[in-house]
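Student: Handing you this structure, nothing more for now.
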Amino acid sequence: MAQNVQILEGNAAVSEAVRLCKPAVVAAYPITPQTTIVEKIAKGVDSGKIKTEFICVESEHSAMAACIAAQATGVRTYTATSSHGLLLMHEMLHWASLARLPVIMANVNRAIGPGWNIWCDYNDSMSQRDTGWIQMYASSCQEILDMHIQAFRLGEDPHVMLPVMVCFDGFIISHTSMPVDIPEQALVDKFIPPYKPLWKLDTANPITHGNIIPSKNYNLVRYSQQLGMNHVPKIMGDIAKEFSETFGRDHGGMIDKLNVEDADTILVSVGALGACVKDAVGHMRKSGRKVGAARIRVFRPFPVEELRRICKGKKVIVFDRAVSLGIGGIIYTEAKYAMPHEDIHGVIIGIGGQDVRAQEIVALTEKADKQRLDNYWVGVD
Amino acid sequence: MEGLTGLSKVTKGAMGRTGNWRELKPVIDYEKCTKCLRCWVSCPEGCISRSDDNTVTIDYEYCKGCGVCENECRPKAIKMIKEW
């Protein structure tokens, strides 16, 4: 397989992905909290490298509304945002999902103000977890590009038809340069078939969308979204397998697993934090400790069945970079639902972009030998 | 039940007889009407129709009784009256 490796920042990997996945329309707000993603896409459009209709809108709410409207005419659309920009989209996020329009979007994870903090944590996207969007978290620049290709394929699957958010850590990977192997256009074209909409606005066959519907029907529309989500784990598994056969890279499916089979302790996390946890697992394995890592790639739908299988009869430590205030670490609380019978510890770490190092993960794993870590919040004592 | 969303075919009165929602009913006094068509332009529901000579009529099957036409009518030819 021919290789085309370039040194790219995470944000530049996104614009390469947009070029390859060919959305017909990109609508985005260009000013802060926007990242350099949109700048790079705009440059690509200007130079003719990226063939799309670029709409520069006045807010993130408008960006999502423009994507929804464009996608409703039966074409593929894309946008990118970050932090407060994502929060401003909130209403429209629900709309895209309920309309079954698989808009694809990158979100660069950055903390929410006040106080103003531009660094990474996952509270921006994780607070959008109930909007009916599939949420994926990448852990490297290569995975950002590859995850976009998987996201278009997954969201547009006829059994799924839901929008997908590709999330990755602000600065930690969004602004870090890494080698990225850029696949050939022909392979991507083969992997993502042309978009077949569930419905579209067409003057030849007039319909109205978003009309008032009775409670009984609305209930079915909601249930239908849940069915779409329920299909994701199986379809994502198939996509990951086909992806590795096509492109020669395997990032995992719903979960990226490392040394889980013979482990007595499983460390659960997402994103670049998950890459750090895998590093820590490598160090602990060298000193003979039987630990494994489960880095969640698809957080919505939550990978309940696979986590249960991986963690059965084992000790589990969840590292959360986001918190649902009033209950605790978001993945921790969801893991408790998924695995009511396992011994689960929860650590809240790296909030507001605090650096997380592998040694710290090792120390916390050892700490969990001596005491129960229940929403143990790092850096507050 | 896969892939459900809120779609409807374009038909007259897809949501039923919305005229039933009405509290007050607009009634045109044709003696006063100057056929200016302000009401026809302003009706948010498209319930006022015009004939070739610009005589306007209100479709009470679907008029929700919002009163915009009364408000817009300069010669005060439209009055909202209690219906029930």
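Residue numbers (the working numbering), protein chains in the order written: chain A, 298 to 678; chain B, 2 to 85.
Cβ atoms here follow ideal geometry from the backbone N, Cα and C, with glycine treated the same way.
Out of E602(A), A560(A), E657(A), D640(A), which has the shortest C-alpha to C-alpha gap to K531(A)?
Tutor: Residue numbering aside, residue 531(A) sits at position 234 when the first sequence is read from its first letter. Among E602(A), A560(A), E657(A), D640(A), the Cα nearest to that of K531(A) is on E602(A).
Student: I want to verify the contact list: residues of chain B whose CB lies under 7 Å from the CB of A396(A), in sequence order.
Tutor: Translated into positions along the first sequence, residue 396(A) becomes position 99. By Cβ distance, chain B contributes T6.
Student: Among the residues of its own chain, which have a CB less than 8 Å from the CB of K538(A), if the five just before and after it don't count?
Tutor: Locating residue 538(A) in the first sequence gives position 241, counting from the first residue. Answer for K538(A): G550, listed in chain order.
Student: Given this structure, state the Cα-to-Cα distance separating I627(A) from A619(A), to the nearest angstrom.
Tutor: As a working note, residue 627(A) is residue 330 in the first sequence. As a working note, residue 619(A) is residue 322 in the first sequence. Their Cα atoms are separated by approximately 6 Å.
Student: Taking Cβ to Cβ, would you say M458(A) is nearer than 8 Å to R397(A)?
Tutor: To locate residue 458(A), count along the first sequence from 1; it is residue 161. To locate residue 397(A), count along the first sequence from 1; it is residue 100. In this structure, R397(A) lies closer than 8 Å to M458(A) by Cβ.
Student: At a Cβ threshold of 8 Å, is V518(A) touching chain B?
Tutor: Taking the first sequence and counting its residues from 1, one reaches residue 518(A) at position 221. At least one chain B Cβ lies under 8 Å of V518(A).
Student: In chain order, what are the residue ranges of uninterrupted beta strand (DSSP E) at least 3 long that sit wholly in the stretch 539-574 of chain A?
Tutor: Runs found: 552-555, 562-567.
Student: Going along the chain, which residues of its own chain have a beta-carbon closer than 8 Å to the beta-carbon of Q447(A), five neighbours each way excluded?
Tutor: Start at 1 with the first residue of the first sequence, and residue 447(A) comes out as number 150. Within the same chain, Q447(A) has close Cβ partners M433, M533, I536, A537, F540.
Student: Counting only beta-carbon separations shorter than 8 Å, does K10(B) have a partner in chain A?
Tutor: If you number the second sequence from 1, residue 10(B) lands on position 9. For K10(B), the answer is yes, since a Cβ of chain A falls inside 8 Å of its Cβ.
Student: Whose C-beta lies closer than 7 Å to the C-beta of M423(A) among residues of the same chain, with five residues either side of it excluded?
Tutor: Taking the first residue of the first sequence as position 1, residue 423(A) is located at position 126. Correct list, in chain order: A619, I627.
Student: I'd like the span of the alpha helix (DSSP H) that includes F449(A), first residue to last.
Tutor: Locating residue 449(A) in the first sequence gives position 152, where the first residue counts as 1. Run containing F449(A): 438-452, per the alpha helix (DSSP H) assignment.
Student: Measuring CB to CB, does V529(A) end up less than 8 Å from I593(A)?
Tutor: Position 232 of the first sequence holds residue 529(A). Position 296 of the first sequence holds residue 593(A). In this structure, I593(A) does not lie closer than 8 Å to V529(A) by Cβ.
Student: Quick one, which residues of the stretch 39-55 of chain B are near chain A if we go by CB-CB under 9 Å, in chain order?
Tutor: Of all residues in the stretch 39-55 of chain B, none has a Cβ within less than 9 Å of some Cβ in chain A.
Student: I'd like to know whether the C-beta of A15(B) is nearer than 8 Å to at least one C-beta of chain A.
Tutor: For the purposes of this step, residue 15(B) is taken as residue 14 along the second sequence, with counting starting at 1. Cβ-Cβ to chain A under 8 Å: yes for A15(B).
Student: On the criterion of 16 or more Cβ atoms from any shown chain inside 10 Å, does H642(A) qualify as buried, or is it exposed?
Tutor: By 1-based counting over the first sequence, the position of residue 642(A) is 345. Looking at its Cβ environment, which holds 16 or more other Cβ atoms inside 10 Å, H642(A) is buried.
Student: With a 10 Å radius around its C-beta and 16 neighbouring C-beta atoms as the bar for buried, classify Y375(A) as buried or exposed.
Tutor: Position 78 of the first sequence holds residue 375(A). Buried is the call here.
Student: So W430(A) contacts chain B; which residues on that side make the cut at Cβ distance below 8 Å?
Tutor: In the first sequence, counting from the first residue as 1, residue 430(A) sits at position 133. Correct list: empty, because the minimum Cβ distance to chain B is about 15 Å.
Student: To be precise: take each residue of the stretch 496-516 of chain A, compare its Cβ to all Cβ atoms of chain B, and keep it if any distance is under 8 Å. Which residues remain?
Tutor: From the stretch 496-516 of chain A, only W496, P503, I504, T505, H506, G507, N508, I509, I510, N514, Y515 have a Cβ closer than 8 Å to chain B.
Student: So, using beta-carbon positions, are G371(A) and K513(A) closer together than 8 Å?
Tutor: Position 74 of the first sequence, counted from the start, is the residue given in the question as residue 371(A). Position 216 of the first sequence, counted from the start, is the residue given in the question as residue 513(A). Not closer than 8 Å, so no.
Student: What number of angstroms, rounded off, separates the C-alpha of P494(A) from the C-alpha of T58(B)?
Tutor: Position 197 of the first sequence holds residue 494(A). Position 57 of the second sequence holds residue 58(B). If you take the alpha carbons of P494(A) and T58(B), they lie about 41 Å apart.
Student: Against chain B, does M551(A) count as a neighbour if the rule is that its beta carbon must be under 8 Å from one of theirs?
Tutor: The sequence position of residue 551(A) within the first sequence is 254, counting from 1. With 8 Å as the cut-off, M551(A) does not count as an interface residue toward chain B.
Student: Which residue from P491(A), R426(A), D547(A) puts its Cα closest to that of F596(A)?
Tutor: As a working note, residue 596(A) is residue 299 in the first sequence. Of the listed residues, the one whose Cα sits closest to F596(A) is R426(A).
Student: Just mark N308(A) as buried or exposed, buried being the case when its beta carbon has 16 or more other beta carbons within 10 Å.
Tutor: Taking the first sequence and counting its residues from 1, one reaches residue 308(A) at position 11. N308(A) is buried by the Cβ-count criterion.
Student: Closer than 8 Å, CB to CB, is G525(A) near chain B or not?
Tutor: By 1-based counting over the first sequence, the position of residue 525(A) is 228. Yes, G525(A) counts as interfacial toward chain B.
Student: Would you kindly report the start and end of the unbroken alpha helix (DSSP H) that includes N420(A)?
Tutor: For the purposes of this step, residue 420(A) is taken as the residue at position 123 of the first sequence. Its alpha helix (DSSP H) spans residues 420-423.
Student: Of all the CB atoms in chain B, is at least one closer than 8 Å to the CB of M458(A)?
Tutor: Taking the first residue of the first sequence as 1, we reach residue 458(A) at position 161. So yes, M458(A) belongs to the interface.
Student: Under 8 Å, Cβ to Cβ, is there at least one residue of chain A near E62(B)?
Tutor: Counting from one through the second sequence, the residue named residue 62(B) turns up at place 61. So no, E62(B) is outside the interface.
Student: Who are the neighbours of M2(B) on chain A, taking C-beta pairs under 8 Å?
Tutor: Residue 2(B) sits at position 1 when you count from the first residue of the second sequence. Those within 8 Å of M2(B) in chain A are L517, Y520, S521, L524.
Student: Which ranges does the alpha helix (DSSP H) cover as unbroken runs of at least 4 residues, wholly within the stretch 616-667 of chain A, from first to last along the chain?
Tutor: Qualifying alpha helix (DSSP H) stretches, in chain order: 627-635, 655-667.
Student: Using CA coordinates, which residue listed in V677(A), D343(A), P399(A) is at the minimum distance from V461(A)?
Tutor: Within the first sequence, numbered from 1, the residue matching residue 461(A) stands at position 164. V461(A) has its Cα closest to that of P399(A), out of V677(A), D343(A), P399(A).
Student: I need the DSSP call for N527(A), collapsed to helix, strand or coil.
Tutor: Counting from one through the first sequence, the residue named residue 527(A) turns up at place 230. If DSSP states are grouped into helix, strand and coil, N527(A) belongs with the helices.
Student: Give me, in chain order, the residues of the same chain whose beta-carbon lies closer than 6 Å to that of K575(A); leave out the 5 immediate sequence neighbours on both sides.
Tutor: By 1-based counting over the first sequence, the position of residue 575(A) is 278. The residues are L555, A590.
Student: Which residues does DSSP list as the beta-bridge partners of D466(A)?
Tutor: Residue numbering aside, residue 466(A) sits at position 169 when the first sequence is read from its first letter. N406(A).
Student: Check whether the stretch 647-659 of chain A touches the stretch 12-20 of chain B, counting contact only when three or more Cβ pairs, one atom from each stretch, lie closer than 8 Å.
Tutor: In short, these stretches do not touch, since the Cβ pair count stays below three.
Student: If the criterion is Cβ atoms closer than 8 Å, does the pair I470(A) and A569(A) meet it?
Tutor: What you label residue 470(A) is simply residue 173 of the first sequence in a count that begins at 1. What you label residue 569(A) is simply residue 272 of the first sequence in a count that begins at 1. The answer is yes: Cβ separation under 8 Å.
Student: Based on Cα-Cα distance, which residue from S474(A), M475(A), F488(A), I479(A) lies nearest to R450(A)?
Tutor: Sequence index remark: in the first sequence, residue 450(A) carries index 153 (1-based). That would be F488(A), whose Cα lies nearest to the Cα of R450(A).
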